[in-house]
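Here is the structure we will look at.
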Amino acid sequence: MKLVKAIVRPSTLSDVLRALYAADITGLTVSNVRGHGGEVEVVGTYRGTTAKMELQDKIMIDIGISDDFVDIAVDAICKSAFTGNVGDGKIFVLPVERVIRVRTREEDMAAVTPVR
Ligand SMILES: Nc1ncnc2c1ncn2[C@@H]1O[C@H](COP(=O)(O)OP(=O)(O)OP(=O)(O)O)[C@@H](O)[C@H]1O
Ligand SMILES: [Mg+2]
151 MKLVKAIVRP STLSDVLRAL YAADITGLTV SNVRGHGGEV EVVGTYRGTT
201 AKMELQDKIM IDIGISDDFV DIAVDAICKS AFTGNVGDGK IFVLPVERVI
251 RVRTREEDMA AVTPVR
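Numbering (the numbering used here), first residue to last: 151 to 266.
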């Protein structure tokens with residue numbers, strides 16, 4: 151099992167959700183976050199120049215998923231979140247030790263597959 155953590159532009163959220171849904175990926179959490187993706191803007195000040203780190207509004211999508219679905223999820227997100235400009239987003243894939251569905255106490259693989 152993996153946790154796919156995708157940080158994307160807010161403007162792409164509905165397309166990303168649609169693409170994930172089309173790929174049968176429906177168990178997920180969406181958060182409003184702020185982040186920085188490396189671009190350093192150099193600004194002039196009265197004392198000289200300083201590097202400014204502006205935080206951008208982003209959307210974070212967390213998806214607990216079986217290993218077989220990771221590439222499908224990554225592909226769906228990359229296609230639907232793409233504009234071609236810097237800042238389109240980033241995807242982290244983390245190992246997951248344990249997943250428990252509260253209602254049934256099902257665990258792991260049985261718990262990451264949503265009940266339809
Ligand atoms: N190394 C990182 N660790 C944690 N979060 C990150 C990291 N890099 C980017 N992020 C998050 O992802 C968001 C989008 O990053 P961004 O798309 O700018 O990545 P990038 O690697 O700089 O790609 P690009 O070259 O397209 O800008 C950032 O605003 C930040 O929230
Ligand atoms: Mg960046």
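Think of the CB as a built atom: it goes at the ideal place given N, C-alpha and C, for glycine as much as any other residue.
Can you name the residues that DSSP bridges to residue i?
{"i": "S181", "result": "M210"}
{"i": "K229", "result": "In DSSP, K229 forms no bridge with anything."}
{"i": "R158", "result": "The sequence given here places Val at residue 158; Arg does not occur at that position. Per DSSP, I209, G239."}
{"i": "I250", "result": "E257"}
Any heavy atom of ligand 1 within a distance shorter than 8 angstroms of the CB on residue i?
{"i": "K240", "result": "yes"}
{"i": "G177", "result": "no"}
{"i": "V252", "result": "no"}
{"i": "R184", "result": "yes"}
{"i": "I227", "result": "no"}
{"i": "I211", "result": "no"}
{"i": "T208", "result": "Checking the displayed sequence, the identity of residue 208 turns out to be Lys instead of Thr. Yes, since a heavy atom of ligand 1 falls inside the 8 angstroms radius drawn around the Cβ of K208."}
{"i": "I157", "result": "yes"}
Would you mind stating whether residue i and residue j have Cβ atoms separated by less than 9 angstroms?
{"i": "V252", "j": "M151", "result": "no"}
{"i": "R184", "j": "K202", "result": "no"}
{"i": "F219", "j": "A156", "result": "no"}
Does the CB of residue i have a neighbour CB from chain D at under 9 angstroms?
{"i": "M259", "result": "Looking at the structure shown, chain D is missing, and only one protein chain is on hand."}
From residue i to residue j, what distance separates their C-alpha atoms?
{"i": "V166", "j": "V236", "result": "18 angstroms"}
{"i": "E256", "j": "I250", "result": "6 angstroms"}
{"i": "V270", "j": "L205", "result": "Residue 270 cannot be examined here, being either before or after the span of the chain that is shown, 151 to 266."}
{"i": "G177", "j": "V154", "result": "11 angstroms"}
{"i": "N182", "j": "D238", "result": "15 angstroms"}
{"i": "D258", "j": "L170", "result": "21 angstroms"}
{"i": "I175", "j": "A223", "result": "7 angstroms"}
Contact set, ligand 2 heavy atom to C-beta under 6 angstroms: G187, G188, E189, V236, G237
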